[in-house]
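In my numbering, the protein residues as written are 1 to 279. Glycine included, each C-beta is placed from N, C-alpha and C at the ideal position. Given the structure is predicted, the values throughout are model-derived calculations rather than measurements.
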């Protein structure tokens with residue numbers, strides 16, 4: 001299994017329980033991280049100290065390594081492109097930003113990794129209608145290309161022998177349905193929900209949920225997922241958004257991680273409960 005992500009900490013907020021589960025079950029889990037997250041803010045007030053911002057690239061790499069150790073990831077590939085920053089910021093204009101790098105250069109590197117690691121499953125991003133970060137859009141576009149082009153002997157022949165993964169899934173962690181269930185459960189317990197305002201905003205937007213075709217039960221790995229998130233000490237406030245709803249309540253009402261199957265070389269039936277179904 002190979003997971004494509006944009007920044008350090010994305011791996012712990014999207015599909016972390018899935019990686020932990022399959023690693024525990026014996027699968028080889030590979031992570032590709034496109035950027036160093038240089039444009040990240042210091043979200044955790046405990047880490048907002050003199051000198052931390054200057055060390056952010058090194059700190060975020062170390063945080064990523066710690067999180068991946070927690071989740072059981074076998075290997076990390078850092079592409080080391082520069083974080084492009086949030087939409088419509090000056091950082092978007094940097095020529096070295098990931099959003100501005102030659103697409104074929106990136107695809108060639110991803111193809112080489114896929115051919116070397118030979119994963120059966122690739123996990124990537126959709127076109128991010130709810131979070132149009134330039135780097136996330138780039139991972140969607142170029143990761144999808146690499147999935148298909150890795151099996152084409154005419155594309156990047158210098159990158160190794162062709163390999164066609166069996167399945168491509170997109171992460172779907174923030175569907176309205178999931179957030180509504182968590183929101184309602186929190187309010188029923190008298191907990192202030194972090195999703196209430198977002199759900200109200202979405203009601204005013206013309207945006208459809210992705211089609212969820214697979215739900216992976218990660219109930220045994222939710223605490224591990226939280227531990228991996230906390231490893232990103234510069235980015236994650238232990239008293240903030242990600243931990244407003246207790247793990248035990250999440251486990252009770254929504255113990256799954258959601259995916260959309262984009263392509264498969266094997267026969268599948270929706271909904272799937274196991275991403276390796278049919279392999």
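Let me make sure I understand the geometry here. Which of the options has the alpha-carbon closest to that of residue i?
| i | options | result |
| --- | --- | --- |
| residue 111 | 146, 29 and 200 | 146 |
| residue 159 | 165, 1, 116 and 50 | 116 |
| residue 173 | 247, 21, 126 and 7 | 126 |
| residue 43 | 134, 155, 138 and 240 | 240 |
| residue 328 | 134, 138, 28 and 89 | The structure shown does not extend to residue 328, since the chain is modelled only from 1 through 279, so no value can be given for it. |
| residue 254 | 14, 230, 179 and 197 | 179 |
DSSP on residue i, reduced to helix/strand/coil?
| i | result |
| --- | --- |
| residue 167 | strand |
| residue 52 | coil |
| residue 7 | coil |
| residue 235 | coil |
| residue 230 | helix |
| residue 24 | helix |
| residue 268 | coil |
| residue 140 | helix |
| residue 80 | strand |
| residue 34 | strand |
| residue 222 | helix |
| residue 120 | coil |
| residue 198 | helix |
| residue 16 | helix |
| residue 155 | coil |
| residue 73 | coil |
| residue 99 | helix |
Report back the beta-carbon spacing between residue i and residue j to the nearest angstrom; my notes put them in contact at under 8 angstroms.
| i | j | result |
| --- | --- | --- |
| residue 218 | residue 225 | 7 angstroms |
| residue 280 | residue 124 | The shown model of the chain, from 1 to 279, leaves out residue 280, and the question about it has no answer. |
| residue 181 | residue 9 | With 8 angstroms as the limit, residue 181 and residue 9 do not qualify as a contact, their Cβ atoms being about 24 angstroms apart. |
| residue 222 | residue 184 | Their Cβ separation, rounded to whole angstroms, is 18 angstroms, which puts residue 222 and residue 184 out of contact at 8 angstroms. |
| residue 56 | residue 122 | With 8 angstroms as the limit, residue 56 and residue 122 do not qualify as a contact, their Cβ atoms being about 29 angstroms apart. |
Among residues of its own chain, excluding the 5 on either side of residue i, which ones have a beta-carbon nearer than 8 angstroms to its beta-carbon?
| i | result |
| --- | --- |
| residue 11 | 3, 5, 19, 31, 33, 64, 67, 68, 71, 73 and 228 |
| residue 271 | 212, 213, 214 and 215 |
| residue 244 | 186, 191, 192, 193 and 194 |
Which residues in the same chain as residue i place their Cβ atom closer than 7 angstroms to its Cβ, once the five residues preceding and following it in sequence are excluded?
| i | result |
| --- | --- |
| residue 81 | 34, 35, 98 and 101 |
| residue 233 | 44, 47 and 63 |
| residue 262 | 168, 169 and 170 |
Keeping to the same chain, check which residues put their C-beta closer than 6 angstroms to that of residue i; ignore five residues upstream and five downstream.
| i | result |
| --- | --- |
| residue 166 | 120, 265, 266 and 279 |
| residue 150 | 111, 114, 115 and 163 |
| residue 39 | 83, 85 and 91 |
| residue 106 | 142 |
| residue 21 | 218 and 221 |
Under 8 angstroms, Cβ to Cβ, is there at least one residue of chain D near residue i?
| i | result |
| --- | --- |
| residue 55 | Reference to chain D is not applicable here, since this structure consists of a single protein chain. |
Cβ contact check for the stretch 44 to 52 and the stretch 75 to 94: 3 or more pairs under 8 angstroms: no
Stretch pair the stretch 175 to 185 + the stretch 243 to 263: three plus CB contacts closer than 8 angstroms: yes
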